[in-house]
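Trainee: Got a structure for you, questions after.
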Ligand code: NDP
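Residue numbers (the working numbering): 1191 to 1637.
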């Protein structure tokens, strides 16, 4: 059987064995279709069925999460944790609380996390978890009761050497606090390294909150450098206004970029003079409100209900909200408006058609596996600090993050070159990550 036919068969099997999990199918196809040249160079990976094994999660847990709302009414949600691959270290990956969560979303995220974690060079495996619980509009007490119930089942599957969750959509420092409190209470252990994204006041790394957004910009800086350009003076558009988007905007502005738009799931704010990031922080982090209230009464900014952020002209476009939020039509609009760099702060935000369009148009395209790896890399730094009972300064941790992002960029760039696709970060990231995991799996035998 030819290598291409073999890869096609593997994808078909994944689709057949995991019916209805369309995001997971998309994530597997995206990686598998780039691995032909690797199989040609390394027949041992085919012989030992490494791709087939990587596509099957090592473990999946699905559980009931009952809790009581403020009206004493019983609510029932579903909890998930998928430990996809532990060849390089304990399972590591965030928890997502969002109504759209189901097994297919968690599996796509966990699958991507395997390769992302591998290219950070840190000793961490790939996992993801979450629930269809919607924290939006809930009181602190409701969120706490939900988190306590969620952890009452999940704790038995965790451990600093086994599985270490963090945050993702809908899970920030508040939720991590409630989850850690319940874990500590049930296990009778102050095991700081069991969760990352903790508050710096009790074991969290400084810069973890900022790390995915800052890391994304350090990666974009390298992408531009590779093309003989700099960030200074450019215009950017960012989707989302959550953790990743806010700190991406903050770092862009610090490095001389004008960010003219951001969004939430209800609409877009267009502020041609530059988004006021402190105002967005206040609305999202303090008030837990909606972007609609941004600039109310000031007359400068325009709020476009249900608008598309990608229609606003920019040179740098950073999707930082959710999967498949940037489609072919949007990609055409961006290219038409002169966009030169697209880098994914979110996981799989660009559809396959849009990704191909960018690459064909010569736009520098940074896939999430590489471009947003700064978050998990800083989580691994948090684990190091917890293990050594140390606490590093903001500057020290930020410098380490910048070095890690530079190295990820250099590795992806070099591997893309080696495999005959210079400048193609999709190929570079997929192959660099895969090789690390595959070599470890071979070393361990059939486990
Ligand atoms: P947050 O919950 O802090 O923010 C998510 C943002 O995206 C919000 O502005 C939200 O708007 C918007 N959003 C979410 N779902 C949708 C949707 N279906 N349609 C439109 N907008 C949506 O999450 P994060 O910033 O932490 O995560 C954003 C992305 O980055 C995710 O893909 C996540 O997997 C990825 N990521 C996060 C990392 C981290 O460290 N946090 C690390 C690596 C990747 P609204 O408030 O209206 O829902």
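Built from N, CA and C at the ideal position, the CB exists for glycine as well. Here the structure is a predicted model, which means the values were calculated and not measured.
May I have the straight-line CA-CA distance separating residue 1266 from residue 1246, to the nearest angstrom?
Mentor: Walking along the chain shown from the start, residue 1266 turns up at place 76. Walking along the chain shown from the start, residue 1246 turns up at place 56. The alpha-carbon atoms of residue 1266 and residue 1246 are separated by roughly 28 Å.
Trainee: Quick one: grab the DSSP three-state call for residue 1511.
Mentor: Locating residue 1511 in the chain shown gives position 321, where the first residue counts as 1. Three-state DSSP puts residue 1511 in coil, outside helix and strand.
Trainee: For residue 1418, tell me which candidate among 1530, 1201, 1225, 1282 has the shortest Cα-Cα distance.
Mentor: Taking the chain shown and counting its residues from 1, the one referred to as residue 1418 is at position 228. Of all alpha-carbon atoms in 1530, 1201, 1225, 1282, the one lying nearest the alpha-carbon of residue 1418 is that of 1530.
Trainee: Could you say if the segment 1309-1317 and the segment 1269-1280 meet the contact criterion of at least three C-beta pairs nearer than 8 Å?
Mentor: Enough Cβ pairs lie closer than 8 Å, so yes.
Trainee: Can you find the residues in the same chain that come closer than 6 Å, C-beta to C-beta, to residue 1322, ignoring five residues on each side of it along the sequence?
Mentor: Translated into positions along the chain shown, residue 1322 becomes position 132. Hits under 6 Å: 1267, 1268, 1289, 1291.
Trainee: Terminal residues of the continuous alpha helix (DSSP H) containing residue 1453?
Mentor: The residue you call residue 1453 lines up with position 263 of the chain shown. It is not in any alpha helix (DSSP H) - residue 1453 instead sits in the beta strand (DSSP E) that spans 1448-1453.
Trainee: For residue 1325, write down the residues that DSSP places opposite it in a beta bridge.
Mentor: As a first step, residue 1325 is located in the chain shown; it is residue number 135 there, counting from the start. The partner list for residue 1325 (beta bridge, DSSP) is empty, contrary to what the question assumes.
Trainee: Tell me which residue opens and which closes the alpha helix (DSSP H) that residue 1367 is part of.
Mentor: Counting from one through the chain shown, the residue named residue 1367 turns up at place 177. First-last of the alpha helix (DSSP H) with residue 1367: 1363-1377.
Trainee: Please list, in chain order, all residues of the same chain as residue 1359 whose beta carbon is under 6 Å from its beta carbon, the five residues on each side excluded.
Mentor: Translated into the one-based positions of the chain shown, residue 1359 becomes position 169. 1286, 1288.
Trainee: Leaving out five residues on either side along the sequence, give the residues of the same chain with a beta carbon under 8 Å from the beta carbon of residue 1352.
Mentor: Indexing the chain shown from 1 puts residue 1352 at position 162. Closer than 8 Å at Cβ, skipping near neighbours: 1280, 1281.
Trainee: Report the CB separation of residue 1638 from residue 1576 in whole angstroms; it is logged as a contact under 8 Å.
Mentor: Because the chain in this structure spans residues 1191 to 1637, residue 1638 falls outside the shown range and cannot be described.
Trainee: Ignore the nearest five residues each way along the sequence and tell me which others in residue 1240's own chain have a CB closer than 6 Å to its CB.
Mentor: To locate residue 1240, count along the chain shown from 1; it is residue 50. Excluding residues within five positions, the ones whose Cβ falls inside 6 Å are 1628, 1631.
Trainee: Just verifying my parser: in three-state terms, what is the DSSP assignment at residue 1460?
Mentor: Position 270 of the chain shown, counting from 1, holds the residue named residue 1460. Of the three classes helix, strand and coil, the one that applies to residue 1460 here is strand, per DSSP.
Trainee: Taking residue 1217 as the reference, which of 1508, 1304, 1309 has the closest Cα?
Mentor: The count along the chain shown starts at 1 and reaches residue 1217 at position 27. Nearest of 1508, 1304, 1309 to residue 1217, Cα basis: 1304.
Trainee: Quick one: does the C-beta of residue 1483 sit closer than 6 Å to a heavy atom of the ligand NDP?
Mentor: Within the chain shown, residue 1483 is the residue found at index 293, counting from 1. No, Cβ of residue 1483 sits at least 6 Å from all heavy atoms of the ligand NDP.
Trainee: Is any heavy atom in the ligand NDP found nearer than 6 Å to the beta carbon of residue 1359?
Mentor: By 1-based counting over the chain shown, the position of residue 1359 is 169. Yes - the ligand NDP has a heavy atom lying nearer than 6 Å to the Cβ of residue 1359.
Trainee: Tell me the rounded alpha-carbon separation between residue 1517 and residue 1415.
Mentor: The residue labelled residue 1517 in the question sits at position 327 within the chain shown. The residue labelled residue 1415 in the question sits at position 225 within the chain shown. For residue 1517 and residue 1415, the distance between alpha carbons rounds to 27 Å.
Trainee: What do you get for residue 1355, buried or exposed, if any count of 16 or more other CB atoms within 10 angstroms of its CB means buried?
Mentor: Your numbering for residue 1355 matches position 165 in the chain shown. With 16 or more other Cβ atoms within 10 Å, it is buried.
Trainee: Taking the beta strand (DSSP E) that residue 1256 belongs to, which residues open and close that run?
Mentor: To locate residue 1256, count along the chain shown from 1; it is residue 66. For residue 1256, the enclosing beta strand (DSSP E) starts and ends at 1249-1258.
Trainee: Tell me the DSSP secondary structure of residue 1419 in three-state form.
Mentor: Within the chain shown, residue 1419 is the residue found at index 229, counting from 1. Correct three-state label for residue 1419: coil.
Trainee: Could you round the C-beta distance between residue 1435 and residue 1479 to whole angstroms and report it? I think they count as a contact, below 8 Å.
Mentor: Here residue 1435 corresponds to residue number 245 of the chain shown, with the count starting at 1. Here residue 1479 corresponds to residue number 289 of the chain shown, with the count starting at 1. Going by Cβ atoms, the distance from residue 1435 to residue 1479 rounds to 15 Å, so no, they are not a contact pair.
Trainee: What I want to know is whether the C-beta of residue 1279 ends up closer than 6 Å to one or more non-hydrogen atoms of the ligand NDP.
Mentor: Translated into the one-based positions of the chain shown, residue 1279 becomes position 89. Residue 1279 Cβ: outside cutoff for every heavy atom of the ligand NDP.
Trainee: In whole angstroms, what is the alpha-carbon distance linking residue 1440 and residue 1328?
Mentor: Walking along the chain shown from the start, residue 1440 turns up at place 250. Walking along the chain shown from the start, residue 1328 turns up at place 138. If you take the alpha carbons of residue 1440 and residue 1328, they lie about 28 Å apart.
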